[in-house]
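Chains as they are written, first to last, in my numbering: chain G, 1 to 264; chain A, 1001 to 1331.
Here is the structure:
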């Protein structure tokens, strides 16, 4: 793979999608306001849960805010990259414009996963980081190299798991044509990620860890922040992320063999 | 000797389709248990195309033209048989193969809707690994050939269909491919835009010796661009050869309208033993076989005092219409 070419293409993707989005200034403004209100609403909801209980599943409010911070960053990434691109796959397949992507001398998964960005998602990412820095202060977390490395690894793994799950669903459009509902279900499951894994019953914990590993996505990075992480859990998350990424790639290549293109 | 650039042998393609009975019962049945059927849309076809050729694929809707085109450019896996395009197996979509081909579809677009076409050209240039200087040179050359200038800087959504199609062509040709697959490129364009597009394709073919495979329902596209046609009927090839031969075979006669000075002359011609289509006062229309046109015209001009004379070809659409519904042509 020619890395220089891919970086050049990605720079063009950034430029064209930013230029496209900036054509509609009001839309961006509304998105930005929505992101701020959504974060305020989520923190308010979380505070209601903790109003009568000092802790839920062993997590105090100021600790649960870390999960909210990580969730906000991931949600920002979802809104910046996954939502505009991966929902577009469904459109590409239904309308047959995937033809143009497949005939370009560039990796098709790279193209359809990164072609667009929604700049208003950046604000959510920034808000998420602000919240995390605030949590680092109120939880008196020691910022050392070990902590930063583990945080970076676990958050990256979370992004990979989230991307792969979404990509699986979008790819299945090649057979099922309409999968918007499944994507909506996944988005609803993502809300679960705002709460600590321990706050769920045993059976739900198993479901959200094994069947759909949503809980891993936020809980394990949060545990790293609080110094509660166990090595095996981090290793498990790395493994899950790697397996999900490789499988999503293989699934895409396999699915393309069944792509019949839309009729003209 | 000109080499084959496309080699297709015993190619077949089947699709699995689900069948639904009409009515509510049918819908419920279809929801719970789908009846599936394998449909062979391309049936054991073989042909070769030489470098620099312009070949038109003719056929009714659903005959399989687009499926053939999509298999040739590697979008669809063939079920049986083999295809070699420029020495590559298309469905492997090798990078060098993809740099050699392009697909233009009249009803689908790749340009970024909210931005001027120039942005899409630069994006494509980076995908094809062209440096900025080379990209600008190619854009300048192609925009001159396509006669577009200011349109390059206007958002795509504000361009007319004709301007958009020209921009689509430029976006698809920026990497200077030597095989062009065109699926109804003039669809929806007005007569002038169609003519300009045809002129451009002729020029492009002449200048670059690119091979062009074209499907179109506008007969003018086929007759002005393609010397060779491949007729597809229900997934099989019913004719593969020169277009003029096919037209001669399907329409072996011409109509000649003779305007005489007097009605008397018209009656004399009527009594000469020609096949007369109609006669109105001093005008008479006769039907003559293609191979005896010269001798017949000589006789008429020598014998009678003629005021004017018109030779009419039968309407091409009517002839091509016959091709679309007939299964075999032995020429």
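Every residue, glycine too, gets a C-beta built ideally from N, C-alpha and C.
Worksheet item: Between the Cα of residue 1211 (chain A) and the Cα atoms of A:1218, A:1217, A:1203, which residue gives the shortest distance?
Response: The residue you call residue 1211 (chain A) lines up with position 211 of the second chain. Nearest Cα to residue 1211 (chain A) within the set A:1218, A:1217, A:1203: A:1203.
Worksheet entry | Three-state class that DSSP yields for residue 55 (chain G) in the structure shown | In the first chain, residue 55 (chain G) corresponds to position 55, counting from 1. Three-state result, residue 55 (chain G): strand.
Discussion item. Beta-carbon within less than 6 Å of residue 244 (chain G)'s beta-carbon, same chain only, minus the 5 sequence neighbours each way: which residues are those?
Written reply: Start at 1 with the first residue of the first chain, and residue 244 (chain G) comes out as number 244. Same-chain partners within the cutoff: 161, 164.
Worksheet item: By the criterion of Cβ-Cβ separation under 7 Å, what are the contact partners of residue 1099 (chain A) in chain G?
Response: Position 99 of the second chain, counted from the start, is the residue given in the question as residue 1099 (chain A). Simply 105.
Item to complete: Could you pull out every residue in the same chain whose Cβ sits closer than 7 Å to the Cβ of residue 154 (chain G), ignoring the five residues on either side in sequence?
Response: Translated into the one-based positions of the first chain, residue 154 (chain G) becomes position 154. Contacts found: 220, 221, 224, 234, 237.
Discussion item. Rounded to whole angstroms, what is the Cα-Cα separation between residue 1121 (chain A) and residue 1065 (chain A)?
Written reply: By 1-based counting over the second chain, the position of residue 1121 (chain A) is 121. By 1-based counting over the second chain, the position of residue 1065 (chain A) is 65. Each residue's Cα considered, the two are about 29 Å apart.
Worksheet item: Which value, in whole angstroms, describes the spacing of the CA atoms of residue 1143 (chain A) and residue 1072 (chain A)?
Response: Counting from one through the second chain, the residue named residue 1143 (chain A) turns up at place 143. Counting from one through the second chain, the residue named residue 1072 (chain A) turns up at place 72. When rounded, the distance between both Cα atoms is 28 Å.
Worksheet item: Which whole-angstrom value is the C-beta distance of residue 1037 (chain A) and residue 1017 (chain A), which I expect to be below 8 Å?
Response: Taking the first residue of the second chain as 1, we reach residue 1037 (chain A) at position 37. Taking the first residue of the second chain as 1, we reach residue 1017 (chain A) at position 17. With 8 Å as the limit, residue 1037 (chain A) and residue 1017 (chain A) qualify as a contact, their Cβ atoms being about 6 Å apart.
Discussion item. Using a Cβ-Cβ cutoff of 8 Å, what residues of the region 1005 to 1021 of chain A are near chain G? List them in chain order.
Written reply: Those residues of the region 1005 to 1021 of chain A that come within reach of chain G (Cβ to Cβ, closer than 8 Å) are 1015.
Worksheet item: Using a C-beta to C-beta distance shorter than 9 Å, which residues of chain A count as neighbours of residue 168 (chain G)?
Response: Position 168 of the first chain, counted from the start, is the residue given in the question as residue 168 (chain G). Residues of chain A passing the Cβ test: none, with the nearest at roughly 22 Å.
Item to complete: Determine, using beta-carbon pairs with one atom in the region 1001 to 1013 of chain A and one in the region 1072 to 1088 of chain A, whether at least three such pairs fall under 8 Å.
Response: yes
Worksheet item: Anyone know if the C-beta pair for residue 1270 (chain A) and residue 1284 (chain A) falls short of 8 Å?
Response: Translated into the one-based positions of the second chain, residue 1270 (chain A) becomes position 270. Translated into the one-based positions of the second chain, residue 1284 (chain A) becomes position 284. For residue 1270 (chain A) and residue 1284 (chain A), yes; Cβs fall inside 8 Å.
Worksheet item: Going by other Cβ atoms of all chains shown within 10 Å of its Cβ, with 16 needed for buried, is residue 1034 (chain A) buried or exposed?
Response: Taking the first residue of the second chain as 1, we reach residue 1034 (chain A) at position 34. Classification for residue 1034 (chain A): exposed.
Item to complete: May I have the straight-line CA-CA distance separating residue 1278 (chain A) from residue 1154 (chain A), to the nearest angstrom?
Response: Along the second chain, one-based indexing puts residue 1278 (chain A) at 278. Along the second chain, one-based indexing puts residue 1154 (chain A) at 154. Their Cα atoms are separated by approximately 55 Å.
Discussion item. Which of the three DSSP states is assigned to residue 1202 (chain A) in this structure?
Written reply: As a working mapping, residue 1202 (chain A) is identified with position 202 in the second chain. If DSSP states are grouped into helix, strand and coil, residue 1202 (chain A) belongs with the helices.
Worksheet item: Would you say residue 99 (chain G) reaches chain A, if we count a Cβ-Cβ gap shorter than 8 Å as a contact?
Response: The residue labelled residue 99 (chain G) in the question sits at position 99 within the first chain. Yes - at least one Cβ of chain A is within 8 Å of the one on residue 99 (chain G).
Discussion item. Given this structure, state the Cα-to-Cα distance separating residue 130 (chain G) from residue 208 (chain G), to the nearest angstrom.
Written reply: Indexing the first chain from 1 puts residue 130 (chain G) at position 130. Indexing the first chain from 1 puts residue 208 (chain G) at position 208. So the alpha carbons of these two residues sit roughly 27 Å apart.
Practice prompt. Starting from the N-terminal side, write out each stretch of the beta strand (DSSP E) that is 3 residues or longer and does not extend beyond the region 1261 to 1286 of chain A.
Written response: With a minimum length of 3 residues, the continuous beta strand (DSSP E) runs that stay inside the region 1261 to 1286 of chain A are 1275 to 1280.
Practice prompt. Tell me where the beta strand (DSSP E) around residue 1239 (chain A) begins and ends.
Written response: As a first step, residue 1239 (chain A) is located in the second chain; it is residue number 239 there, counting from the start. Where residue 1239 (chain A) is concerned, the enclosing beta strand (DSSP E) stretches over 1236 to 1242.
Discussion item. Measuring only the C-alpha atoms, how far is residue 1238 (chain A) from residue 1060 (chain A)?
Written reply: Here residue 1238 (chain A) refers to the residue found at position 238 of the second chain. Here residue 1060 (chain A) refers to the residue found at position 60 of the second chain. Cα to Cα, the separation comes out at about 12 Å.
Practice prompt. State the start and end residues of the unbroken beta strand (DSSP E) segment that holds residue 1047 (chain A).
Written response: The residue given as residue 1047 (chain A) occupies position 47 in the second chain. First-last of the beta strand (DSSP E) with residue 1047 (chain A): 1035 to 1050.
Worksheet item: So, residue 158 (chain G) versus residue 218 (chain G), is the Cβ gap smaller than 8 Å?
Response: Within the first chain, residue 158 (chain G) is the residue found at index 158, counting from 1. Within the first chain, residue 218 (chain G) is the residue found at index 218, counting from 1. Yes; because the gap between Cβ atoms is below 8 Å, this pair is in contact.
Discussion item. Quick check on DSSP: helix, strand or coil for residue 1226 (chain A)?
Written reply: If you number the second chain from 1, residue 1226 (chain A) lands on position 226. In the structure shown, residue 1226 (chain A) sits in coil (DSSP, three-state: anything other than H, G, I, E or B).
Worksheet item: What runs of the alpha helix (DSSP H), each 4 residues or longer, lie entirely inside the region 1106 to 1143 of chain A?
Response: Runs of the alpha helix (DSSP H) lying entirely within the region 1106 to 1143 of chain A, each at least 4 residues long, are 1117 to 1127 in chain order.
Worksheet item: Considering only residues of the same chain and omitting the five flanking positions on each side of residue 19 (chain G), which have a CB-CB separation below 7 Å?
Response: Residue 19 (chain G) sits at position 19 when you count from the first residue of the first chain. Answer for residue 19 (chain G): no residue qualifies.
Worksheet item: When DSSP labels each residue in this structure, what does residue 1331 (chain A) get in the three-state scheme?
Response: The count along the second chain starts at 1 and reaches residue 1331 (chain A) at position 331. Reliability of the predicted coordinates at residue 1331 (chain A) is poor, the pLDDT of 49 falling under 50, and no value is obtained from them.
Fill in: 7 Å Cβ cut-off: residues of chain A touching residue 16 (chain G)
Residue numbering aside, residue 16 (chain G) sits at position 16 when the first chain is read from its first letter. Residues of chain A passing the Cβ test: 1112, 1115, 1119, 1123.
Item to complete: Classify residue 1158 (chain A) as buried or exposed, calling it buried when 16 or more other Cβ atoms lie within 10 Å of its own Cβ.
Response: Position 158 of the second chain, counted from the first residue, corresponds to residue 1158 (chain A). Burial call: exposed.
Fill in: Partners in chain A for residue 19 (chain G), counting only beta-carbon separations shorter than 7 Å
Stepping through the first chain from its first residue, residue 19 (chain G) is reached at position 19. Those are 1115, 1119, listed as they occur along chain A.
Worksheet item: With a Cβ-Cβ cutoff of 8 Å, do residue 1174 (chain A) and residue 1124 (chain A) count as a contact?
Response: Working through the second chain from its first residue, we reach residue 1174 (chain A) at position 174. Working through the second chain from its first residue, we reach residue 1124 (chain A) at position 124. Yes, they are a contact pair.
Practice prompt. Check the Cβ of residue 25 (chain G) against every Cβ in chain A and list those closer than 7 Å, keeping chain order.
Written response: One-based indexing of the first chain puts residue 25 (chain G) at position 25. What residue 25 (chain G) touches in chain A: nothing, since even the nearest Cβ is about 12 Å away.
Practice prompt. Would you verify that the beta carbon of residue 1231 (chain A) is, or is not, closer than 8 Å to some beta carbon of chain G?
Written response: Position 231 of the second chain, counted from the start, is the residue given in the question as residue 1231 (chain A). No, because no Cβ of chain G sits closer than 8 Å to the Cβ of residue 1231 (chain A).
Discussion item. For a cutoff of 8 Å on Cβ pairs, would you count residue 1095 (chain A) as touching chain G?
Written reply: For the purposes of this step, residue 1095 (chain A) is identified with residue 95 of the second chain, where counting begins at 1. Yes, contact with chain G.
Practice prompt. Under 8 Å between beta-carbons, which chain G residues line up against residue 1077 (chain A)? List them in chain order, please.
Written response: Counting from one through the second chain, the residue named residue 1077 (chain A) turns up at place 77. Within 8 Å Cβ-Cβ: 257.
Practice prompt. Pair every Cβ in the region 1111 to 1121 of chain A with every Cβ in the region 1133 to 1153 of chain A, then say whether three or more of these pairs are closer than 8 Å.
Written response: Segment contact: the region 1111 to 1121 of chain A against the region 1133 to 1153 of chain A, three or more CB-CB distances shorter than 8 Å; contact assigned.
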